[in-house]
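Before any comments, here is the structure.
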Amino acid sequence: MALELFESNWQKHDNLYGLIYNNYQVFKKNIFLYFVLHVTFFYTLAVSIYLSNYGFWMSSIVLIKFFDLAFKLNMMQKLSSGAKIEEVMPININITLLFRYFNVILYPFCFAVASGLLFNT
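First residue of the sequence shown? That's 1208 in the working numbering, and the numbers climb one at a time after it.
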């Protein structure tokens, strides 16, 4: 939960364009820092490997985290090439408190399911 909170807070903004802008500012500074700030992706990989858990639930979490990072990197690359944010993401939505921190509840719950703590699968 703490890692999800950290990741949500460094990207925090009231709307989607602001969130993308916050990501882009870090990406411009240093791509390695950008990867390090997506610590939950690496944590998910490490937990999966450490627990030797490659089941459906854990693999789903890893894939979602991977596609999230890949999608953001694609946007960052387009912005670096001079594309306007409106071309990269045509819709600017407001980000509510629930939407911003939904991952803090969702991913730990999914980890608990994946590890068999909630349901013995």
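Ideal Cβ placement from N, Cα and C applies to all residues, glycine included.
Query	Result
Leu1258: first and last residue of the uninterrupted alpha helix (DSSP H) it sits in	Neither: Leu1258 is in no alpha helix (DSSP H) and is coded neither H nor E.
Of the listed residues Val1269, Tyr1241 and Phe1242, nearest to Pro1315 (C-alpha basis)	Val1269
Terminal residues of the alpha helix (DSSP H) in which Ile1227 lies	Leu1223 to Lys1236
Integer Cβ distance of Glu1214 from Val1246, believed to fall under 8 Å	7 Å
Beta-ladder partner(s) of Asn1301, from DSSP	Asn1222
Close beta carbons around Leu1212, own chain, < 7 Å, minus the five adjacent residues each side	Val1311
Close beta carbons around Leu1226, own chain, < 6 Å, minus the five adjacent residues each side	Gln1218 and His1220
Separation of Phe1309 from Thr1303, as counted between CA atoms	10 Å
From Ile1238, Ala1321 and Leu1252, residue whose alpha carbon lies closest to that of Lys1279	Ile1238
Neighbour-count burial assignment, Tyr1261, 16 or more Cβ in a 10 Å radius	exposed
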